[in-house]
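K.L.:
Protein chains in written order, with our numbering: chain H, 8 to 437; chain W, 113 to 422.
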């Protein structure tokens, strides 16, 4: 549907430029793959931004292709690449950087924007987002839809439980105590409202877990992406806390909590607090029928969250004209005005301080303060977990996290297994 | 292919004929076979051989091009616990879904083959799951299984039951997936049984009735043997499907939780198209091919003996 609409739009635009008697010069075609990982009419928003870009840049046509989840999108991109039909631009996880470098798929932005101009551009983004965008002295991705994990809470439920509705839990202990008070059971002992949900199903358990490990003072991998630290006591302790929420304290579901249905559980008051991406902010604002708050994640030894989300990459298999056009497109999509627009439409953090200075976003933040929480959390943020052969290492990590959460392995055993397997995979990159 | 060999046997008796005839007929035979041979070779045989060769080479990486590694890929595979998990899951999946869907298909076919009011409607109802694409089926069942909101939990709630995370628990996830498969496959197989049942001449039933055979005896001695060719056909298809159909696993569990619903083909997909480990993926593919080949062979040899073709 999107494609047809794109085509129609493209045809209409082509028609209007022809009417404007523009000389028939060669058009540069770009194909642009992007995923959707949050709720809301994301494809419509992207189509709108692309249409505005085309209007501002006659002679460049962008075919925006919605390619599924992040995992689907990189699979499709790499398959297309090997089949010789690569997109020129794509939004992929910032953590896919090492994979894309290893596959020799992307060009560093330093090759396209040279010298001081490039340096100035790269430093215009929040440094927290650039950590996952740079490796071996080069910049491979430009931050686009970036996020951190934040805690959402239902103020109504807090009031009912006798808690201060304006105060979110500040520490792990507090979060557990609040969750105990918030967990409601019916006469036969079935839970009607959980205290807290931290999603553990799907592709993101490692990401939410990284919130816990960071707060407990652990760093999961080295800068080069060749070494992981899963079996450290601080990591096991963090996992124990997560497992206990479901199995011992019984304030969270004891099985897996799906990433996709967690916001719905929150809207339907099946959970009073949830951890999820700030990218869901607009979705929550539009659907929650009760006052809610957004807070930084609670602290253990420190505050902490991973950054997350997607970067814009430019691919090697493209003509110089396409690369120039792609660069223009990336510039446009991450410009302060567009970043502000994208942030307001989705909840992703606008990627540069300049975007927060635009009148539109300034006004939005004044009216809707939760929009600034994730930004204010950025100083505590660490780079999202990413290594060479990232998908495989992440799967090993996820599998073992799930095994611990389901109670088939102890946290210590699960992290030991994950460490051994990751060491085996990463052996050849050292 | 078989014909020339056949002719040659006979040729032992008449040497002169053998020199002239086989050559001509074999040329004709080869010409007749050529289109399908070309198609099969291009899309099946050549890729299989290429896969086999690739499985002895390492995965090319940026700084290290592909090189010959012998059986390393296979050794890595045997050392990989996920491979064994996927293989075990796949066997459980096959053993669970195949007999169940065949039995249900047969029961449904016998039921709608009898004189019933509104049996056309009933046949259609049974067949509907087959018409739906697997992706749609997976979505329907996702709705059934979703903890809290799903149909199953809503029914359970009526009776005061608690929520069950069917797809999120290692004990139930594979079973939940298998139920979907049986639901989808049974209607398809029913059609074949129904067609076969209608081929059985009515005079057999009349003769049996005159002899005073019970309905069970008639089924066991007459109907079931006559259904054997169809059963073999269904069995071959069911076995292939058990290793081939994974669309619903993509939609519903993604192989999780912790590989509880990971099966061979899904594992191949992940290794090949998520981890881009060509060497490991080709080795796995060869194993899957070998398993399927052996199963098909066994079915034809063992079951083929018992099958009576009219």
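The C-beta atom is built at its ideal place from N, Cα and C for all residues, glycine as well.
Only a predicted model underlies this, so the values are computations on that prediction, with no experimental measurement involved.
Runs of 4 residues minimum, wholly inside the stretch 318-403 of chain W: which ones carry the alpha helix (DSSP H) assignment?
P.N.:
The qualifying runs are 327-330, 336-356, 359-364, 376-381.
K.L.:
Taking buried to mean at least 16 other C-beta atoms within 10 Å of its own C-beta, is residue 69 (chain H) buried or exposed?
P.N.:
If you number the first chain from 1, residue 69 (chain H) lands on position 62. Counting Cβ neighbours within 10 Å, residue 69 (chain H) comes out buried, since at least 16 surround it.
K.L.:
Using only the alpha-carbon positions, how far apart do residue 422 (chain H) and residue 406 (chain H) sit?
P.N.:
In the first chain, the residue the question calls residue 422 (chain H) occupies position 415. In the first chain, the residue the question calls residue 406 (chain H) occupies position 399. Between residue 422 (chain H) and residue 406 (chain H), the C-alpha separation is close to 10 Å.
K.L.:
Is the beta carbon of residue 262 (chain H) sitting closer than 7 Å to the one on residue 208 (chain W)?
P.N.:
Within the first chain, numbered from 1, the residue matching residue 262 (chain H) stands at position 255. Within the second chain, numbered from 1, the residue matching residue 208 (chain W) stands at position 96. No, the pair does not count as a contact, with Cβ atoms beyond the cut-off.
K.L.:
Is the stretch 267-282 of chain W close to the stretch 326-335 of chain W, with three or more CB pairs under 8 Å?
P.N.:
They do not touch, by the three-pair rule.
K.L.:
So, is residue 179 (chain H) buried or exposed, given that buried needs 16 or more other C-beta atoms within 10 angstroms?
P.N.:
Looking up residue 179 (chain H) in the first chain gives position 172. Buried, by the Cβ-count rule.
K.L.:
My parser needs the alpha helix (DSSP H) runs of 4 or more residues fully inside the stretch 164-201 of chain H; what are they?
P.N.:
Runs found: 179-189.
K.L.:
Verify the contact flag: residue 264 (chain H), CB atom, against every heavy atom of the ligand ATP, threshold strictly below 6 Å.
P.N.:
What this structure holds is no ligand at all, so the ligand ATP is not there to describe.
K.L.:
Please list, in chain order, the chain W residues whose beta carbon lies closer than 7 Å to that of residue 82 (chain H).
P.N.:
For the purposes of this step, residue 82 (chain H) is taken as residue 75 along the first chain, with counting starting at 1. Near residue 82 (chain H) (Cβ distances below 7 Å), the residues of chain W are 385, 386.
K.L.:
List, in chain order, every chain H residue whose beta-carbon is nearer than 8 Å to that of residue 277 (chain W).
P.N.:
Indexing the second chain from 1 puts residue 277 (chain W) at position 165. Neighbours of residue 277 (chain W) on chain H, chain order: 260, 262, 263.
K.L.:
Which residue from H:195, H:63, H:183 puts its Cα closest to that of residue 340 (chain H)?
P.N.:
By 1-based counting over the first chain, the position of residue 340 (chain H) is 333. It is H:63.
K.L.:
Given that residue 173 (chain W) touches chain H, what residues does it touch there, using C-beta distances under 7 Å?
P.N.:
Within the second chain, the letter at position 61 stands for residue 173 (chain W). Here the neighbours are 109.
K.L.:
Beta-carbon within less than 7 Å of residue 418 (chain H)'s beta-carbon, same chain only, minus the 5 sequence neighbours each way: which residues are those?
P.N.:
The sequence position of residue 418 (chain H) within the first chain is 411, counting from 1. 243, 246, 247, 250, 411.
K.L.:
Would the beta-carbon of residue 189 (chain H) fall within 7 Å of that of residue 279 (chain H)?
P.N.:
Taking the first residue of the first chain as 1, we reach residue 189 (chain H) at position 182. Taking the first residue of the first chain as 1, we reach residue 279 (chain H) at position 272. A contact, by the Cβ cut-off of 7 Å.
K.L.:
Can you name the residues of chain W whose CB is closer than 7 Å to the CB of residue 398 (chain H)?
P.N.:
What you label residue 398 (chain H) is simply residue 391 of the first chain in a count that begins at 1. Simply 386, 387.
K.L.:
Strictly below 9 Å CB to CB, what residues from chain B border residue 195 (chain H)?
P.N.:
Note that chain B does not occur in the displayed structure, where the protein chains are H and W.
K.L.:
Could you check the C-alpha separation between residue 370 (chain W) and residue 272 (chain H) for me, to the nearest Å?
P.N.:
Translated into the one-based positions of the second chain, residue 370 (chain W) becomes position 258. Translated into the one-based positions of the first chain, residue 272 (chain H) becomes position 265. Looking at the two C-alpha atoms, the distance is approximately 23 Å.
K.L.:
Which residue marks the beginning of the alpha helix (DSSP H) containing residue 211 (chain W), and which one marks its end?
P.N.:
The residue labelled residue 211 (chain W) in the question sits at position 99 within the second chain. 193-225 is the span of the alpha helix (DSSP H), which, as asked, contains residue 211 (chain W).
K.L.:
Going along chain W, which residues have a C-beta under 8 Å from residue 208 (chain H)?
P.N.:
As a working note, residue 208 (chain H) is residue 201 in the first chain. Near residue 208 (chain H) (Cβ distances below 8 Å), the residues of chain W are 280, 368, 369.
K.L.:
Following the continuous alpha helix (DSSP H) through residue 266 (chain H), name the residue where it begins and the one where it ends.
P.N.:
Counted from its first residue, the first chain places residue 266 (chain H) at position 259. Residue 266 (chain H) -> no alpha helix (DSSP H), and no H or E assigned at all.
K.L.:
Just reading off the alpha helix (DSSP H) that residue 216 (chain H) is part of, what are its end residues?
P.N.:
For the purposes of this step, residue 216 (chain H) is taken as residue 209 along the first chain, with counting starting at 1. Here the alpha helix (DSSP H) through residue 216 (chain H) covers 212-222.
K.L.:
Span of the beta strand (DSSP E) holding residue 279 (chain H)?
P.N.:
As a working note, residue 279 (chain H) is residue 272 in the first chain. Counting along the chain, the beta strand (DSSP E) containing residue 279 (chain H) begins and ends at 278-284.
K.L.:
Does the beta-carbon of residue 166 (chain W) have 16 or more other beta-carbons within 10 angstroms, so that it is buried, or is it exposed?
P.N.:
Along the second chain, one-based indexing puts residue 166 (chain W) at 54. Counting Cβ neighbours within 10 Å, residue 166 (chain W) comes out buried, since at least 16 surround it.
K.L.:
When you compare the CB positions of residue 329 (chain H) and residue 35 (chain H), do they come within less than 7 Å of one another, or not?
P.N.:
Position 322 of the first chain, counted from the start, is the residue given in the question as residue 329 (chain H). Position 28 of the first chain, counted from the start, is the residue given in the question as residue 35 (chain H). Against a cut-off of 7 Å, the Cβ pair of residue 35 (chain H) and residue 329 (chain H) comes out as a contact.
K.L.:
Which residues of chain W have a Cβ atom closer than 8 Å to the Cβ of residue 184 (chain H), listed in chain order?
P.N.:
On the first chain, residue 184 (chain H) is found 177 positions in, with the first residue counted as 1. Within chain W, no residue comes near residue 184 (chain H); the closest Cβ sits about 24 Å away, beyond 8 Å.
K.L.:
Rounded to whole angstroms, what's the CA-CA distance from residue 343 (chain W) to residue 357 (chain W)? Just pull it up for me.
P.N.:
Residue numbering aside, residue 343 (chain W) sits at position 231 when the second chain is read from its first letter. Residue numbering aside, residue 357 (chain W) sits at position 245 when the second chain is read from its first letter. Each residue's alpha carbon lies about 20 Å from the other.
K.L.:
Classify residue 409 (chain W) as buried or exposed, calling it buried when 16 or more other Cβ atoms lie within 10 Å of its own Cβ.
P.N.:
Position 297 of the second chain, counted from the first residue, corresponds to residue 409 (chain W). Classification of residue 409 (chain W): exposed, given that the 10 Å Cβ count is below 16.
K.L.:
Output the boundary residues of the beta strand (DSSP E) element that contains residue 71 (chain H).
P.N.:
Locating residue 71 (chain H) in the first chain gives position 64, counting from the first residue. Counting along the chain, the beta strand (DSSP E) containing residue 71 (chain H) begins and ends at 67-73.
K.L.:
Please tell me whether residue 155 (chain H) and residue 289 (chain H) are closer than 7 Å, where the distance is taken between their beta carbons.
P.N.:
Here residue 155 (chain H) refers to the residue found at position 148 when the first chain is read from its first residue. Here residue 289 (chain H) refers to the residue found at position 282 when the first chain is read from its first residue. No, the Cβ-Cβ distance between residue 155 (chain H) and residue 289 (chain H) is not below 7 Å.
K.L.:
Here's the rule: buried if 16 or more other CB atoms are within 10 angstroms of the residue's CB, otherwise exposed. What is residue 427 (chain H)?
P.N.:
Stepping through the first chain from its first residue, residue 427 (chain H) is reached at position 420. Residue 427 (chain H) should be labelled exposed.
K.L.:
Quick one: list the residues of chain W neighbouring residue 5 (chain H), beta-carbon separation under 7 Å, in chain order.
P.N.:
Residue coverage of chain H in this structure runs from 8 to 437, which leaves residue 5 (chain H) outside it and unanswerable.
K.L.:
Taking 7 Å as the CB-CB limit, is residue 189 (chain H) close to chain W?
P.N.:
What you label residue 189 (chain H) is simply residue 182 of the first chain in a count that begins at 1. No, because no Cβ of chain W sits closer than 7 Å to the Cβ of residue 189 (chain H).
K.L.:
Could you give the distance in angstroms between the alpha-carbon of residue 25 (chain H) and the alpha-carbon of residue 219 (chain H)?
P.N.:
Numbered from its first residue, the first chain carries residue 25 (chain H) at position 18. Numbered from its first residue, the first chain carries residue 219 (chain H) at position 212. With a pLDDT of only 42 at residue 25 (chain H), under the threshold of 50, the placement of this residue in the model should not be trusted, and no figure is reported.
K.L.:
Name, please, each residue of chain W whose Cβ falls closer than 7 Å to the Cβ of residue 367 (chain H).
P.N.:
The residue given as residue 367 (chain H) occupies position 360 in the first chain. Simply none; closest approach about 36 Å.
K.L.:
Measuring CB atoms only, is the stretch 319-331 of chain W touching the stretch 235-245 of chain W, in the sense that at least three cross pairs come out at less than 8 Å?
P.N.:
Touching, no, given that fewer than three Cβ pairs across the two stretches are closer than 8 Å.
K.L.:
If you run the structure through DSSP and keep just helix, strand and coil, what is residue 437 (chain W)?
P.N.:
Absent from the structure is residue 437 (chain W), since the part of chain W shown begins at 113 and ends at 422.
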